[in-house]
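Worksheet: the structure to be examined is printed underneath.
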DNA sequence: ATTGTGGCCTGCCCGC
DNA sequence: TGCGGGCAGGCCACAA
């Protein structure tokens, strides 16, 4: 589950390749290219060019090459390998073993180095010049006022809102449950029903939780994570956790303190 | 505008 | 020992 935290680590690792000249790109299969991007386009844009800036919006990694931008989405099991070094050693719901057949995309540099995406399940994709305007503000940069406005304009549940990358980008299912748990808000709460105090709390926990989990080692290092299973109990009050599907996603939450 | 469902694809774990 | 089924969750297409 590469969420904002993991993709930020990928971005940092990718900065090591800024300024290098690209000698070749390869893609495992056209299936790994997003609809609208062809391998010929990709090749013509990058051949002989230098890698420019490396940016991130939410879970989307952006590699600038001349005037073009290569967007990389990591799906559930994608990891970045820079010069043979795997950026993250442990990811949930997948194998962490590096297998050649799982390399989906790679950029070779004329100095012999590489930047590659390894993604066992292949849910990720590569897109040329992705429409960045489709993504909401990055979760780490969201302001309280901005968050209040998003809440007031939404008829959906808070869980659906936090996971909606068009409204706020970077939060995945695990981060989401942890944020809600720390905020004391049930996932099924309608966003518009939050009072000023609650909005303040959630806005603060969005940033606080991401920063804290980054320190703890990743999206899967939340305090709730170890109890996200049958018969799990709330680490805060010991109450049995509830499991339900909200916004189409498995949600674990404490009915005692999340209201 | 929002929700639900199914699909993509692989690995892991469980029960038989 | 091995096989099948269920499940994990990011993201998209589609239907309602």
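Residue numbers (the working numbering): 149 to 407. Every residue, glycine too, gets a C-beta built ideally from N, C-alpha and C.
Along the chain, where does the alpha helix (DSSP H) that runs through residue i open and close?
{"i": "residue 152", "result": "152-162"}
{"i": "residue 347", "result": "344-364"}
{"i": "residue 294", "result": "292-300"}
{"i": "residue 327", "result": "321-331"}
{"i": "residue 334", "result": "First-last for residue 334: undefined, no H or E at that position."}
{"i": "residue 283", "result": "No alpha helix (DSSP H) contains residue 283, which DSSP labels as neither H nor E."}
{"i": "residue 306", "result": "306-311"}
How would you call residue i, buried or exposed, if buried means at least 16 neighbouring beta carbons within 10 angstroms?
{"i": "residue 301", "result": "exposed"}
{"i": "residue 151", "result": "buried"}
{"i": "residue 398", "result": "exposed"}
{"i": "residue 263", "result": "buried"}
{"i": "residue 325", "result": "buried"}
{"i": "residue 268", "result": "buried"}
{"i": "residue 363", "result": "exposed"}
{"i": "residue 381", "result": "exposed"}
{"i": "residue 247", "result": "exposed"}
{"i": "residue 253", "result": "buried"}
{"i": "residue 191", "result": "exposed"}
{"i": "residue 289", "result": "exposed"}
{"i": "residue 207", "result": "buried"}
{"i": "residue 184", "result": "exposed"}
{"i": "residue 240", "result": "exposed"}
{"i": "residue 377", "result": "exposed"}
{"i": "residue 317", "result": "buried"}
{"i": "residue 403", "result": "exposed"}
{"i": "residue 396", "result": "exposed"}
{"i": "residue 414", "result": "Residue 414 lies beyond the residue range present for the chain, which begins at 149 and ends at 407; the question has no answer from this structure."}
Per DSSP, what are the beta-bridge partners of residue i in this structure?
{"i": "residue 399", "result": "392"}
{"i": "residue 218", "result": "211, 276"}
{"i": "residue 198", "result": "169"}
{"i": "residue 230", "result": "233, 263"}
{"i": "residue 374", "result": "DSSP lists no partner for residue 374."}
{"i": "residue 205", "result": "208"}
{"i": "residue 181", "result": "274"}
{"i": "residue 175", "result": "253"}
{"i": "residue 317", "result": "286"}
{"i": "residue 381", "result": "388"}
Write down the C-beta distance between residue i and residue j rounded to the nearest angstrom, noting that I regard them as a contact closer than 8 Å.
{"i": "residue 213", "j": "residue 193", "result": "6 Å"}
{"i": "residue 280", "j": "residue 205", "result": "6 Å"}
{"i": "residue 368", "j": "residue 149", "result": "7 Å"}
{"i": "residue 180", "j": "residue 274", "result": "6 Å"}
{"i": "residue 276", "j": "residue 216", "result": "6 Å"}
{"i": "residue 333", "j": "residue 407", "result": "7 Å"}
{"i": "residue 261", "j": "residue 168", "result": "7 Å"}
{"i": "residue 394", "j": "residue 307", "result": "5 Å"}
{"i": "residue 305", "j": "residue 339", "result": "7 Å"}
{"i": "residue 370", "j": "residue 154", "result": "With a Cβ gap of about 14 Å, residue 370 and residue 154 do not count as contacting."}
{"i": "residue 258", "j": "residue 171", "result": "5 Å"}
{"i": "residue 373", "j": "residue 322", "result": "7 Å"}
For the beta strand (DSSP E) containing residue i, list its first residue and its last residue.
{"i": "residue 407", "result": "That residue, residue 407, is in no beta strand (DSSP E); it is neither H nor E in DSSP."}
{"i": "residue 251", "result": "251-257"}
How do the segment 216-231 and the segment 158-173 stand: do at least 3 beta-carbon pairs fall below 8 Å, yes or no?
With the cut-off at 8 Å, the segment 216-231 and the segment 158-173 touch.
Does the pairing of the segment 339-346 with the segment 275-289 give three or more beta-carbon distances under 8 Å?
no
Any contact between the segment 348-360 and the segment 316-332? By contact I mean 3 or more CB pairs, one from each, below 8 Å.
yes
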